[in-house]
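Chemist: Below is a structure I'd like to ask you about.
Protein chains: 2
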Amino acid sequence: MNELDLVERIRKMAGKAAPPLVAGIGDDCAIYRPRAGEDLLFTTDQMIEGIHFLSSTKASAVGERALARSLSDIAAMGGKPRFCLVTLALPDNLSGAWARSFFQGLMRLARKTGTALAGGDLAHDDQVHLDVMVCGSVAKGKALRRDGARIGDAIYVSGRLGRPWESKIQPRLQLGQSLIGRATACMDLSDGLSIDLHRMCSASGVAADLYRVPIFNGASLERALHGGEDYELLFTLPARAKPLAGTFLIGHMIDGPAGEIRLDAELVKPLGYSHF
Amino acid sequence: MNELDLVERIRKMAGKAAPPLVAGIGDDCAIYRPRAGEDLLFTTDQMIEGIHFLSSTKASAVGERALARSLSDIAAMGGKPRFCLVTLALPDNLSGAWARSFFQGLMRLARKTGTALAGGDLAHDDQVHLDVMVCGSVAKGKALRRDGARIGDAIYVSGRLGRPWESKIQPRLQLGQSLIGRATACMDLSDGLSIDLHRMCSASGVAADLYRVPIFNGASLERALHGGEDYELLFTLPARAKPLAGTFLIGHMIDGPAGEIRLDAELVKPLGYSHF
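Structure below.
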């Protein structure tokens with residue numbers, strides 16, 4: 004399939020631009036018309052064949068996961084997804100059925116979450132390499148940040164940790180939106196609880212005291228603490244706030260060296276995934 | 004250099020977020036606060052080692068070019084650059100000096116054009132693969148589109164065509180902004196005049212009659228017509244508009260099969276660069 008055919012096919016799958024998107028695929032840029040009183044959120048995440056997924060992974064699963072990872076960042080700030088741009092490099096022999104299935108998987112999640120496919124870039128490469136940028140919106144000044152946790156806050160995660168790679172990512176969009184005005188800090192768990200909580204604590208200038216880590220069925224504590232790609236939300240609520248149904252209280256923020264984490268009084272080193 | 008060190012270095016180079024950017028590098032998403040009455044423009048462009056640049060290309064030149072290509076799309080819509088996200092995959096041995104020089108080159112052009120570096124994503128790969136998303140802004144409803152050319156309009160390009168790859172890209176931001184309210188259509192020349200003009204004509208439902216193609220010193224007519232990566236603006240003005248100093252009148256839009264191009268009455272096939 005040549006590039007024009009593939010672009011035409013993607014354009015059909017994306018459908019016509021609808022407000023707040025003024026123009027989608029087909030010109031030099033996509034055009035978005037902001038609404039009064041909204042802040043816009045931007046995040047981008049890449050996936051590389053052989054690193055973030057296997058050659059044998061179903062194309063539709065790659066497409067869905069690629070979008071889900073970026074949506075998880077939008078969820079972490081309490082945002083509502085608006086649109087995405089998809090950059091895709093792929094070998095010639097994948098530009099037909101593989102590409103179609105990739106975009107089908109991506110569009111399924113896009114439609115479910117109200118994310119318009121607004122544009123992107125295509126190129127040829129020996130292996131699949133892709134990058135999904137998502138724009139979300141949130142009421143002005145209300146985005147959930149990671150630097151607002153205070154001493155005494157209760158620490159929560161939105162699900163059990165250490166899940167196997169193959170399990171579907173469910174970006175916690177509704178939970179994120181429901182935390183606006185309630186959570187003092189929030190972020191998503193993409194690199195592992197130990198490193199991500201360390202980042203939240205460092206940014207907030209507090210230490211963390213954990214007494215429980217909810218473990219995914221079959222996973223080890225090691226994996227739950229240090230494994231990446233959980234895509235659950237990590238958030239803090241004021242000490243007196245009511246616990247949130249369906250989420251797990253794992254500890255509290257305490258006065259201590261910024262970024263330090265203890266589990267049952269034992270020091271936990273931030274060992275999560277490093278990209279180099 | 005490990006990832007945290009590299010991120011810290013990039014964060015320093017990017018500097019503190021300033022309005023309209025509320026938050027840059029360091030949280031799950033960057034936050035942008037739109038101003039009343041602005042439309043936002045979004046474009047993304049990838050560059051792959053061995054395809055879009057050579058391993059021997061200076062890292063600073065790669066960084067500058069990566070940003071320049073996306074800025075050219077913003078220029079083509081008449082936009083003012085606001086911020087960029089940079090996605091970068093690179094081999095371990097390039098994560099030190101190479102990465103620093105890459106971001107230095109990119110930041111030089113970013114500062115010159117008022118483009119904040121707001122975030123991105125890093126990964127490890129065997130070869131350099133990067134993607135630069137740029138957001139620009141334009142007065143509501145004023146973006147220059149490619150589908151507005153009418154029969155009788157004069158066709159212009161902003162510079163001589165067929166330039167060698169090594170020459171610097173100068174995104175035509177000022178020209179693009181000055182065309183707002185004047186040009187009936189505008190786009191940038193990234194794939195070659197023949198295919199890009201064909202796209203403009205097809206989108207606008209007109210044909211083009213060319214009588215002149217300004218050729219870069221030393222290039223062939225063939226290259227000027229079909230070579231890619233010129234990054235000049237292609238635009239149309241109403242028939243009676245005054246010619247624009249420093250730009251080249253190359254022909255007129257005529258009544259004819261949508262997308263058809265003739266040069267001195269000879270049919271020109273749209274042969275420009277295809278990405279597959």
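If you read the sequences in order, they're chains A and B. Heads up, the first sequence is in this note's numbering, so the first residue is 4 and it goes up one at a time. Heads up, the second sequence is in this note's numbering, so the first residue is 4 and it goes up one at a time. In this text, a Cβ means the ideal position worked out from N, Cα and C, and glycines have one as well. Just so we're clear, the structure is a prediction, and the values are computed from it rather than from any experiment.
1) Spell out whether any CB of chain B is found under 7 Å from the CB atom of Asp30(A).
2) Determine whether the beta carbon atoms of Gly81(A) and Ile158(A) lie at a separation below 7 Å.
3) Interface residues of chain B around Val25(A) at Cβ under 7 Å?
4) Work out the CA separation of Trp168(B) and Arg265(B) for me, nearest whole Å.
5) Touch check for the region 79-95 of chain A and the region 103-120 of chain A: three-plus C-beta pairs under 8 Å?
6) What residues from chain C crowd round Ile13(B), counting only those whose CB sits closer than 9 Å?
7) If you measure from the beta carbon of Pro167(B) to each beta carbon in chain A, is any gap under 7 Å?
8) Please decide whether Thr233(B) counts as near chain A, where near means a Cβ-Cβ distance under 7 Å.
9) For Gln107(B), name the three-state secondary structure that DSSP assigns.
10) Let me make sure I understand the geometry here. Which of Gly259(B), Asp258(B) and Ala242(B) has the alpha-carbon closest to that of Leu252(B)?
11) Between the region 122-140 of chain A and the region 41-61 of chain A, are three or more C-beta pairs nearer than 8 Å?
12) Just confirm the distance between the C-beta atoms of Arg72(B) and Tyr234(B), as a whole number of angstroms; I'd bet it's less than 8 Å.
13) Looking at C-alpha atoms only, which residue of Gly155(B), Leu178(B) and Glu6(B) is the closest neighbour of Lys83(B)?
14) Taking the C-alpha atoms as reference points, what is the distance between Gly162(B) and Ile183(B)?
15) DSSP three-state label for His132(A), please.
16) Could you round the C-beta distance between Gly259(A) and Ala210(A) to whole angstroms and report it? I think they count as a contact, below 8 Å.
17) If we count the other Cβ atoms within 10 Å of its Cβ and call it buried at 16 or more, is Pro273(A) buried or exposed?
18) Listing by chain order, which chain B residues have their CB less than 9 Å from the CB of Ile77(A)?
19) Cα separation between Gly231(B) and Leu240(B)?
20) For Gly53(A), count neighbouring C-beta atoms within 10 Å of its own C-beta (all shown protein chains included) and say buried if the count is 16 or more, exposed if not.
21) Please list the terminal residues of the continuous alpha helix (DSSP H) segment that includes Gly179(B).
22) Of all the beta strand (DSSP E) runs that stay within the bounds of the region 186-246 of chain A, which reach a length of 3 or more residues?
23) Any beta-carbon of chain B closer than 7 Å to the one on Met190(A)?
24) So, for Arg93(B): in the same chain, excluding its five sequence neighbours on each side, which residues have a beta-carbon less than 6 Å away from its beta-carbon?
25) Can you give me the Cβ contacts of Ala17(A) inside the same chain, cut-off strictly under 8 Å, excluding the 5 residues immediately before and after it?
26) Tell me whether Lys15(A) sits in a helix, a strand or coil according to DSSP, three-state version.
27) In chain A, which residues lie with their C-beta within 8 Å of the C-beta of Thr239(B)?
28) Looking at the strands, I want to know which residues DSSP matches up with Thr46(B).
29) Helix, strand or coil for Ile77(A) per DSSP?
30) Quick one: does Arg148(A) have its CB under 7 Å from some CB of chain B?
31) Run through chain B and tell me which residues come within less than 9 Å of Phe45(A), C-beta to C-beta.
32) With DSSP run on the structure shown, which of helix, strand or coil describes Ala33(A)?
33) Enumerate in chain order the residues of its own chain whose CB-to-CB distance from Leu57(A) is below 7 Å, with the five nearest sequence positions on each side excluded.
34) Report, in whole angstroms, the separation of the C-beta atoms of Asp31(A) and Asp191(B), which I expect to be a contact under 8 Å.
35) Would a check of beta-carbon distances place Ala126(B) closer than 7 Å to chain A?
36) Near Ala69(A), what residues of its chain come up, given a Cβ to Cβ distance below 6 Å and the 5 sequence neighbours on each side ignored?
Modeler: Inspection of the coordinates gives the following:
1) Numbered from its first residue, the first sequence carries residue 30(A) at position 27. Yes, Asp30(A) counts as interfacial toward chain B.
2) As a first step, residue 81(A) is located in the first sequence; it is residue number 78 there, counting from the start. As a first step, residue 158(A) is located in the first sequence; it is residue number 155 there, counting from the start. No, the pair does not count as a contact, with Cβ atoms beyond the cut-off.
3) Along the first sequence, read from residue 1 onward, the residue named residue 25(A) stands at position 22. Here the neighbours are Asp42.
4) What you label residue 265(B) is simply residue 262 of the second sequence in a count that begins at 1. What you label residue 168(B) is simply residue 165 of the second sequence in a count that begins at 1. Roughly 26 Å separates the two Cα atoms.
5) yes
6) The structure shown contains no chain C; the protein chains it does contain are A and B.
7) Taking the first residue of the second sequence as 1, we reach residue 167(B) at position 164. So, not an interface residue.
8) Position 230 of the second sequence, counting from 1, holds the residue named residue 233(B). For the record, residue 233(B) in the displayed sequence is Asp; it is not Thr. No, its Cβ sits nowhere closer than 7 Å to a Cβ of chain A.
9) Along the second sequence, one-based indexing puts residue 107(B) at 104. Note: Gln107(B) maps to helix in three-state DSSP.
10) As a first step, residue 252(B) must be located in the second sequence, where it is residue number 249. With distances taken between Cα atoms, Leu252(B) lies closest to Ala242(B).
11) yes
12) Counted from its first residue, the second sequence places residue 72(B) at position 69. Counted from its first residue, the second sequence places residue 234(B) at position 231. The pair is a contact, with the Cβ atoms about 7 Å apart (cut-off 8 Å).
13) Along the second sequence, one-based indexing puts residue 83(B) at 80. Looking at the Cα atoms, Leu178(B) is the closest of the given residues.
14) Start at 1 with the first residue of the second sequence, and residue 162(B) comes out as number 159. Start at 1 with the first residue of the second sequence, and residue 183(B) comes out as number 180. Taking the straight line joining both Cα atoms gives about 19 Å.
15) Counting from one through the first sequence, the residue named residue 132(A) turns up at place 129. If DSSP states are grouped into helix, strand and coil, His132(A) belongs with the strands.
16) Locating residue 259(A) in the first sequence gives position 256, counting from the first residue. Locating residue 210(A) in the first sequence gives position 207, counting from the first residue. The Cβ separation is near 3 Å, so the contact holds.
17) Along the first sequence, one-based indexing puts residue 273(A) at 270. Buried.
18) The residue labelled residue 77(A) in the question sits at position 74 within the first sequence. Within chain B, the residues near Ile77(A) are Asp31 and Cys32.
19) For this step, residue 231(B) is matched to residue 228 along the second sequence. For this step, residue 240(B) is matched to residue 237 along the second sequence. Each residue's Cα considered, the two are about 23 Å apart.
20) In the first sequence, residue 53(A) corresponds to position 50, counting from 1. With fewer than 16 other Cβ atoms within 10 Å, it is exposed.
21) Taking the first residue of the second sequence as 1, we reach residue 179(B) at position 176. Its alpha helix (DSSP H) spans residues Leu176 to Ser181.
22) 188-191, 210-213 and 236-240
23) Residue mapping note: residue 190(A) aligns to position 187 of the first sequence, counting from 1. Interface residue, yes.
24) Numbered from 1 along the second sequence, position 90 holds the residue referred to as residue 93(B). Here residue 93(B) turns out to be Leu, not Arg, going by the sequence shown. Cβ within range, chain order: Val131.
25) Within the first sequence, residue 17(A) is the residue found at index 14, counting from 1. Gly27, Ile28, Met110, Ala119, Leu120 and Ala121, listed in sequence order.
26) The residue labelled residue 15(A) in the question sits at position 12 within the first sequence. The answer is helix: DSSP assigns Lys15(A) an H, G or I state.
27) Sequence index remark: in the second sequence, residue 239(B) carries index 236 (1-based). Neighbours of Thr239(B) on chain A: none; closest Cβ ~14 Å, over 8 Å.
28) For the purposes of this step, residue 46(B) is identified with residue 43 of the second sequence, where counting begins at 1. DSSP output for Thr46(B) lists Val137(B) as bridge partner(s).
29) For the purposes of this step, residue 77(A) is taken as residue 74 along the first sequence, with counting starting at 1. Helix.
30) In the first sequence, residue 148(A) corresponds to position 145, counting from 1. Yes - at least one Cβ of chain B is within 7 Å of the one on Arg148(A).
31) Mapped onto the first sequence, residue 45(A) falls at position 42. What Phe45(A) touches in chain B: Cys32, Ala33, Ile34, Tyr35, Phe86, Leu88, Ala121, Gly122, Met136 and Cys138.
32) What you label residue 33(A) is simply residue 30 of the first sequence in a count that begins at 1. Ala33(A): strand per DSSP, three-state reduction.
33) Locating residue 57(A) in the first sequence gives position 54, where the first residue counts as 1. Nothing listed; no residue qualifies.
34) In the first sequence, residue 31(A) corresponds to position 28, counting from 1. In the second sequence, residue 191(B) corresponds to position 188, counting from 1. With a Cβ gap of about 6 Å, Asp31(A) and Asp191(B) count as contacting.
35) Within the second sequence, the letter at position 123 stands for residue 126(B). It does: the Cβ of Ala126(B) has a partner Cβ on chain A nearer than 7 Å.
36) As a first step, residue 69(A) is located in the first sequence; it is residue number 66 there, counting from the start. Taken in chain order, the residues that qualify are Met50, Leu133 and Val135.
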